[in-house]
Amino acid sequence: MTTSLVRRQALNTELGRLERMLEIRAVEESIQTLYNDGHVRGSTHLANGQEAVSVGIASVLRPTDVVTCTYRGHAAALALGVSPEGVLGEICGRVIGCSGGMGGSMHLMDASVGLMPTFAIVGAGLPVAAGVALAAKLKKNDSVALTIFGDGSTNIGAFHETLNMASIFKLPIIFVIENNLYGEYTRINLSTPISDLADRADSYAMRKEIVDGQDIDAVIKSISAAVDFARAGNGPSLIEAKTYRFSGHSRADPATYRTPGELDEWKKRDPLDIAAAKLIKQGDLTEKDLEELKSTIGVRVAKAIEVVLASEGPSLDSLLQHVSASRK
Amino acid sequence: MTTSLVRRQALNTELGRLERMLEIRAVEESIQTLYNDGHVRGSTHLANGQEAVSVGIASVLRPTDVVTCTYRGHAAALALGVSPEGVLGEICGRVIGCSGGMGGSMHLMDASVGLMPTFAIVGAGLPVAAGVALAAKLKKNDSVALTIFGDGSTNIGAFHETLNMASIFKLPIIFVIENNLYGEYTRINLSTPISDLADRADSYAMRKEIVDGQDIDAVIKSISAAVDFARAGNGPSLIEAKTYRFSGHSRADPATYRTPGELDEWKKRDPLDIAAAKLIKQGDLTEKDLEELKSTIGVRVAKAIEVVLASEGPSLDSLLQHVSASRK
Amino acid sequence: MTVMRTRQAVIQALSDELESDPTVFLMGEDIGSGGPFKATEGLIEKFGEERVIDTPISEMAFLGAGVGAAAMGMRPVVEMMFIEFIGVALDQLTTQGAFYRYLSRGAYEVPLTIRAAAGAGLGFGCQHSQILDQWFRGNAGISLVIPSSPQSMYGLLRSAIRSNDPVVVLEHKALYGERGEVVTGEAGIIPIGKANVVSQGTDVTIVAIGSTVHTARAAMESQSEWSAEIIDLQTLIPWDKETVMKSVAKTGRLVVVEESSYSGGWGTEISSEVVSQLWGQLKAPPHRITSPDAPIPYAQELEKRYLPSPEYVVSQITALLKTGKCPAPWWEGFKS
Amino acid sequence: MTVMRTRQAVIQALSDELESDPTVFLMGEDIGSGGPFKATEGLIEKFGEERVIDTPISEMAFLGAGVGAAAMGMRPVVEMMFIEFIGVALDQLTTQGAFYRYLSRGAYEVPLTIRAAAGAGLGFGCQHSQILDQWFRGNAGISLVIPSSPQSMYGLLRSAIRSNDPVVVLEHKALYGERGEVVTGEAGIIPIGKANVVSQGTDVTIVAIGSTVHTARAAMESQSEWSAEIIDLQTLIPWDKETVMKSVAKTGRLVVVEESSYSGGWGTEISSEVVSQLWGQLKAPPHRITSPDAPIPYAQELEKRYLPSPEYVVSQITALLKTGKCPAPWWEGFKS
Ligand SMILES: Cc1ncc(C[n+]2csc(CCOP(=O)(O)OP(=O)(O)O)c2C)c(N)n1
Ligand SMILES: Cc1ncc(C[n+]2csc(CCOP(=O)(O)OP(=O)(O)O)c2C)c(N)n1
Ligand SMILES: [Mg+2]
Ligand SMILES: [Mg+2]
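Next up, the structure:
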């Protein structure tokens, strides 16, 4: 199996990035079946429709940079380099899962590519990312921290405190709002009285940008600028990626609360289609290539599922290991 | 002894308001002596220099409106109507204290004039005030809630969450920042990257205003407008009163961290002098009247101290009373 | 008497209180849609948006708003969705709301109910599966209940709402789907602070709460060597000392079955108190059967093993009865 | 060996760790100015603003930043000023930082120290005087220490900073001004998890921590009817079972002296464990001497009465020895 680091390098090309987005979609689509067959427990949160944000971020950051991300973390994990086996294995509670089967869908991690265990508490990843950035600053290396969170999370106290502190400390950190218009079953306008969340940066005299989250090239451009700004010691940025999730909030959610027609409109701007269309237009890909790519990925994901389902759960001693350093 | 409600009515006149400000100054100035004599324990936080904000607020609100305030609450308590005996009694831990001697300087209260127990945790009074406003809204009465807090408190999560929620729910609440330029020993510019804190209202699409906190008339005008706005069902306001505290943060603080010359500059704008000068200019007061007023107040406060020092501490059963309704 | 699921008992209790008391209202994230466990389903349709209030994701703000509204004479029922979420807002309950009565010498009461899903067993991982009763201990202003059945959910939740102090109601997520008969109305109300003796027995008193009531019952029913008096505490803070003492005085033995970790578990309080009150009357040392000292694992087999199972309870109690000593927990053998 | 105050021992420990380990840094509100207890005085002058970092009033942000920096290999020492303030930020420690090691299978460690002033006695009122150890219980990822002397402050704080897990250090504010001899350097370091036997005795083992070590000692020294083995736990989580068991096996009697309320107190854990391990070897029931179930009052006489006094400890222990039963607490007579 290729390592996460090698998988990360594959994002260096446009085709590699398209491929990763297609893979993410395929992996996430397989989860419902795994769930129906009783392999997945608790809650899972799909990011389909939002793949360009994760893959865009992952293709800009270095593996030595660190990302904190939410329970809606499959896409980020796969983008950063975790294998389909690592993600699906975790969701199915197998020892080959990226957290050894101990975390589940909401807690994916891979230290080799800078993914801290994903955060199941809204807003919790922001202060931690600030600490990561602070460590980089104190160590005087040029790593950056990047934290991904949703529109709804901009109403939690940790958002406010962290942005203010990051600004005062001029931390090398990028705050990325994936504004998918909903926090659970609540449309953003019902929870937040402003429409451009990036404007909240003004309260902290922070650099801000709004970006089309469906267009991976736009995402890359915006993240790159923020990362360069941070690496150069100029401090944090707040980036709002306007995007949409095609599924419900979590496994059990039929998303009946959507504004009528909204989903269809957004599906017209599927980030996978946009990226593929661009490659086709450039002459770097044919429709046939694309179909082949999809089917290759389908096979790869199917194999990953086979591997996962044939693999073991964590052993009983895992339960008592890594609880603390002092008390084994 | 006059009741808190009657004392509140005294704020209906300009002279009454000046008198109250002078009283607050005198009461606060007496605390150091009480402390030196061993009557005051823990921490106390003076508001001298900021009297116009409290008295301005108290003269606009109705006694049926509710205020939440911080540990720096002597001025607000006296302004709202608590007697010098009530405040000094509390600070000295006597049963005649406004919280029965059970709270101390940081926990003053008087339900008869709408003062909830003051809050010793930064930011804690904001959500509670929002709940008060929500209750008024649900009960469909026209009461408002008003919460007073400092510049430093605008960096705590509760500030952000509460302003957002108040805006979305259109709550009848007024958020008053007493921007005295310091949070403990830290100047505002070292903790907050913007200079007009009222601008943070923009993140919540909230009505905002900056007011000269040394000029009681300006305070009254600004608070009145916000209160009218709230009573009419139009929602919350954020008001930033620019002010200054003449003492250190708390009892033990010599305030050596001040920008040189700053204190002297602000002392030129003592809210008591400004209010007195105006009355003198209007011909409603002579210098001699003012001296007499000060000395009357001095005598009154001295009497209050006598009463307090001659009074009992709370009885031992107070310790076990009012702990819970169910478990006596 | 109606058969309903525990989550329906939540809805019924809320509905009955909303109906009978105009000061009651609900507040929380997505409670209008019923929430992740459908435990508030249908209420917004019935009572409207003024009494079933969806909030932004701002636990500090809306928990605190519950405190403030309660102090003004309302009876808010605030949902925390998962009890872990109160970790970003605990101050408002424990350091503010719980102390107003005391600080105001009774002038401000805080009749606030906090509902939250709690407990392990469904694969929600370590940040969505704890009980966290310890966060509410040592604070005499707060009560805490953990219902074990549709009936006790109904009865305790109604009492919580009627209480004049803050009450935390931990709704075990593994029990939401369980069915049982429920007496509704006044007759179905269960007072806070009263335990329920689930079974009469002679050899041992088993004290349990929430999910472990079922574990204890299954343990007892699976064997015939010993008979147990199972006590469902129902209220953990303050717990019913009288009922527990009466039972242990009779059986001479106490076993506490707890879902959380051994260290810091609530059972220490039961065990400690029983010994100080019944010294000289016990036939064996009080024994605690708990989960190990570890976060809650996701993998199904491990999560199952993490929780005390009926078989484990049987083996522990049988060993206790046989040896008169506290048997070692299963994980002792695994320690390095 | 130097004589210093407890607050100076804090400064010395921080200074020594800052000096010897470049990954150590301090973070908190106004720590540059020394804070309300002058417990970080002079450090910013010595180590500069990069290693002594003043923060905005944002506990969630800077506690979380401590977690994140620790996960990156730094050793942050985060000050909460008063332990109550962690009520607005608890999530970052208990639900995040404490679980990373577990969730990452050891890839991320969190060598984070949290210092906070705690405890009653100085008239700070109910929101600035608690111990709140309960918030950290039942979470095997966290340790908690409560020093009782300048030496243990020095030794435990250094160990906390060197620990590879989060450690909470509760600094009793009534002890900051106390003086004592301190061995500094490696020889002065006290391991986490080890209790200190303060006095040898035969009639009873008194388990205490922080302020109550002094109460226990004063109680013992004020009478000659009985002799006590006083154990200063030093670390509350995880506590030193071995030392306690050894002592109680010898004396046959356990008394725990706690500063916080009776219900939910940490002493239940000691008492419960002692009974299960030493069943049959005890001459009397374990007994807990605590504060009553109430918020901490401001008025001096009441706050004094709230805390267990040496005289009260004497009367309780004397009664226990005489009757072989747990005596009722003083407040029983006051109950309605
Ligand atoms: C503190 C906290 N409150 C509530 C929740 C429950 N919750 C999980 S996801 C979610 C919605 C978050 O919305 P958003 O930030 O927009 O992210 P999205 O799910 O859309 O990616 C909520 C309320 C939580 N996990 N943590
Ligand atoms: C959550 C919390 N953090 C820290 C403190 C300690 N503290 C008390 S007052 C204060 C400064 C507050 O400054 P500001 O909001 O400007 O109000 P001011 O004191 O100037 O009136 C701080 C940090 C606290 N009480 N609560
Ligand atoms: Mg969203
Ligand atoms: Mg200030």
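Residue numbers (the numbering used here), protein chains in the order written: chain Y, 709 to 1036; chain G, 709 to 1036; chain Z, 128 to 463; chain C, 128 to 463.
For each residue, glycine too, the CB sits at the ideal point set by N, CA and C.
Please confirm whether Y:ASN872 has its beta-carbon closer than 8 Å to some beta-carbon of chain G.
For the purposes of this step, residue 872 of chain Y is identified with residue 164 of the first sequence, where counting begins at 1. Yes, Y:ASN872 lies at the interface with chain G (some Cβ there is under 8 Å from its Cβ).
Under the DSSP definition of a beta bridge, which residues are partnered with C:GLY246?
Numbered from its first residue, the fourth sequence carries residue 246 of chain C at position 119. Answer is none; C:GLY246 lacks a bridge partner.
Tell me whether the beta-carbon of C:PHE189 lies closer than 8 Å to the beta-carbon of C:VAL205.
As a working mapping, residue 189 of chain C is identified with position 62 in the fourth sequence. As a working mapping, residue 205 of chain C is identified with position 78 in the fourth sequence. The criterion of a C-beta distance shorter than 8 Å is satisfied by C:PHE189 and C:VAL205.
Z:ASP531 burial status per 10 Å Cβ neighbour count (16 or more: buried):
Examination of residue 531 of chain Z is not possible in this model, given that chain Z is present from 128 through 463 alone.
Using a Cβ cut-off of 7 Å, which residues of the stretch 797-821 of chain Y contact any Cβ in chain Z, in chain order?
From the stretch 797-821 of chain Y, only GLY801, GLY809, MET810, GLY811, GLY812, MET814 and HIS815 have a Cβ closer than 7 Å to chain Z.
When you measure from the CB of G:ASP859 to every non-hydrogen atom of ligand 4, does any distance come out below 7 Å?
In the second sequence, residue 859 of chain G corresponds to position 151, counting from 1. Flag set: Cβ of G:ASP859 near ligand 4.
Anyone know if the C-beta pair for G:GLU759 and G:LEU980 falls short of 8 Å?
Taking the second sequence and counting its residues from 1, the one referred to as residue 759 of chain G is at position 51. Taking the second sequence and counting its residues from 1, the one referred to as residue 980 of chain G is at position 272. Pairing G:GLU759 with G:LEU980 gives a Cβ-Cβ distance under 8 Å.
Any beta carbon from chain Z within less than 8 Å of G:SER1020's own beta carbon?
Along the second sequence, one-based indexing puts residue 1020 of chain G at 312. Looking at the sequence itself, residue 1020 of chain G is Glu, so the reference to Ser does not match. Output row for G:GLU1020: interface = no.
Bridge partners - C:GLY307, DSSP secondary structure assignment:
In the fourth sequence, residue 307 of chain C corresponds to position 180, counting from 1. The partner list for C:GLY307 (beta bridge, DSSP) reads C:MET131.
Throw me the rounded Cβ distance for the Z:GLY282 and Z:GLY312 pair, which I believe falls under 8 Å.
The residue labelled residue 282 of chain Z in the question sits at position 155 within the third sequence. The residue labelled residue 312 of chain Z in the question sits at position 185 within the third sequence. The Cβ separation is near 10 Å, so there is no contact.
Please confirm whether G:GLU892 has its beta-carbon closer than 8 Å to some beta-carbon of chain C.
Counting from 1 along the second sequence, the entry for residue 892 of chain G is found at position 184. Taking Cβ atoms only, chain C reaches closer than 8 Å to G:GLU892, which makes this a yes.
DSSP three-state call for Y:ARG716: helix, strand or coil?
To locate residue 716 of chain Y, count along the first sequence from 1; it is residue 8. Three-state result, Y:ARG716: helix.
When you check each C-beta in the stretch 221-245 of chain Z against every C-beta of chain A, which residues fall closer than 7 Å?
Considering every chain present, this structure includes no chain A. Its protein chains are Y, G, Z and C.
Over the uninterrupted alpha helix (DSSP H) stretch that includes Y:PRO979, give me the two end residues.
Here residue 979 of chain Y is taken as the residue at index 271 of the first sequence, counted from 1. Run containing Y:PRO979: 979-990, per the alpha helix (DSSP H) assignment.
Excluding the 5 residues flanking G:GLY921 on each side, which residues of the same chain have their C-beta closer than 7 Å to its C-beta?
Here the question's residue 921 of chain G lines up with position 213 in the second sequence. So the qualifying residues of the chain are GLN758, ALA760, VAL761, GLU886, VAL927, ALA949, LYS950 and THR951.
Return yes when the Cβ of G:GLY750 is within less than 8 Å of the Cβ of G:GLY1021, no when it is not.
Position 313 of the second sequence, counted from the first residue, corresponds to residue 1021 of chain G. Position 42 of the second sequence, counted from the first residue, corresponds to residue 750 of chain G. No, they are not a contact pair.
Contact under 8 Å by Cβ, Z:SER374 with Z:ALA421
Position 247 of the third sequence, counted from the start, is the residue given in the question as residue 374 of chain Z. Position 294 of the third sequence, counted from the start, is the residue given in the question as residue 421 of chain Z. No.
Cβ closer than 8 Å: which chain Z residues qualify as neighbours of C:TRP262?
The sequence position of residue 262 of chain C within the fourth sequence is 135, counting from 1. LEU217, GLN261 and TRP262, listed in chain order.
Could you run through the stretch 189-215 of chain Z and flag, in chain order, every residue whose CB is less than 9 Å away from some CB of chain G?
Residues passing the 9 Å Cβ filter: PHE189, LEU190, GLY191, ALA192, GLY193, VAL194, GLY195, ALA196, ALA197, ALA198, MET199, GLY200, MET201, PRO203 and VAL215.
When you compare each of Z:VAL151, Z:PHE263, Z:HIS341 and Z:SER270 to Z:ILE319 by their alpha carbons, which one comes out closest?
Counted from its first residue, the third sequence places residue 319 of chain Z at position 192. Of the candidates Z:VAL151, Z:PHE263, Z:HIS341 and Z:SER270, the residue whose Cα lies closest to the Cα of Z:ILE319 is Z:SER270.
Give me whichever residues DSSP pairs with Y:ARG915 in a beta bridge.
Within the first sequence, the letter at position 207 stands for residue 915 of chain Y. In DSSP, Y:ARG915 forms a bridge with Y:SER945.
Near C:THR167, which residues of its chain fall below 8 Å by C-beta distance, leaving aside the five closest residues on each side in sequence?
Stepping through the fourth sequence from its first residue, residue 167 of chain C is reached at position 40. Leaving aside the five residues that flank C:THR167 on each side, the residues in its chain whose CB is nearer than 8 Å to its CB run, in chain order, VAL137, ILE138, LEU141, LEU153, GLY155, ILE158, GLY159, GLY161, VAL179 and GLU206.
Distance between C:SER326 and Z:SER463 (C-alpha atoms, nearest Å)
On the third sequence, residue 463 of chain Z is found 336 positions in, with the first residue counted as 1. On the fourth sequence, residue 326 of chain C is found 199 positions in, with the first residue counted as 1. Residue placement at Z:SER463 cannot be trusted, given a pLDDT of 47 that sits under 50; what the coordinates show is reported in the next sentence. Whole-angstrom Cα-Cα distance: 33 Å.
Could you work out which residue in Y:GLU798, Y:ARG802 and Y:THR900 is closest to Y:SER813 when comparing CA atoms only?
On the first sequence, residue 813 of chain Y is found 105 positions in, with the first residue counted as 1. Of the listed residues, the one whose Cα sits closest to Y:SER813 is Y:GLU798.
Within 8 Å, do at least three Cβ pairs link the stretch 891-907 of chain Y to the stretch 860-868 of chain Y?
The stretch 860-868 of chain Y, when compared against the stretch 891-907 of chain Y, does touch it at the 8 Å Cβ threshold.
Please find out if some non-hydrogen atom of ligand 5 comes closer than 7 Å to the beta-carbon of Y:GLY891.
Among the ligands in the structure shown, ligand 5 does not appear; only ligand 1, ligand 2, ligand 3 and ligand 4 can be found there.
Just by C-beta distance, which residues in the stretch 385-411 of chain C are closer than 7 Å to chain Z?
Residues passing the 7 Å Cβ filter: SER387, SER388, SER390, GLY391, GLY392, THR395, GLU396, SER398, SER399, VAL402, SER403 and TRP406.
Closer than 7 Å at the beta carbon, the chain G residues around Z:ASP292:
On the third sequence, position 165 is the one that residue 292 of chain Z refers to. Simply SER1032, ALA1033 and SER1034.
Tell me whether Y:LYS1036 is buried or exposed, calling it buried when 16 or more other Cβ atoms sit within 10 Å of its Cβ.
Start at 1 with the first residue of the first sequence, and residue 1036 of chain Y comes out as number 328. Unreliable placement is indicated for Y:LYS1036, whose pLDDT of 47 sits below 50; the coordinate value is still reported in the next sentence. By the neighbour-count criterion, in which 16 or more other beta carbons inside 10 Å mark a residue as buried, Y:LYS1036 falls on the exposed side.
Taking DSSP as the reference, what is the three-state secondary structure of C:HIS341?
In the fourth sequence, counting from the first residue as 1, residue 341 of chain C sits at position 214. Helix at C:HIS341.
List, in order along the chain, the chain G residues whose C-beta lies closer than 7 Å to that of C:GLU156?
The count along the fourth sequence starts at 1 and reaches residue 156 of chain C at position 29. Correct list: GLU892.
Is there a Cβ from chain Z that is less than 8 Å from the Cβ of Y:GLY860?
Within the first sequence, numbered from 1, the residue matching residue 860 of chain Y stands at position 152. Judged by the 8 Å Cβ criterion, Y:GLY860 is in contact with chain Z.
Would you verify that the beta carbon of Z:ALA455 is, or is not, closer than 8 Å to some beta carbon of chain C?
Residue numbering aside, residue 455 of chain Z sits at position 328 when the third sequence is read from its first letter. Taking Cβ atoms only, chain C never reaches closer than 8 Å to Z:ALA455, which makes this a no.
Heavy atom of ligand 3 within 7 Å of Y:ASN888 beta-carbon:
Indexing the first sequence from 1 puts residue 888 of chain Y at position 180. Of the heavy atoms belonging to ligand 3, at least one sits nearer than 7 Å to the Cβ of Y:ASN888.
Hey, would you say Z:ILE317 sits closer than 8 Å to Z:SER279, going by beta carbons?
Here residue 317 of chain Z corresponds to residue number 190 of the third sequence, with the count starting at 1. Here residue 279 of chain Z corresponds to residue number 152 of the third sequence, with the count starting at 1. At a Cβ-Cβ threshold of 8 Å, Z:ILE317 and Z:SER279 count as neighbours.
If you measure from the CB of Y:PHE883, is any heavy atom of ligand 1 nearer than 7 Å?
Here residue 883 of chain Y is taken as the residue at index 175 of the first sequence, counted from 1. Checking the Cβ of Y:PHE883 against ligand 1 gives no.
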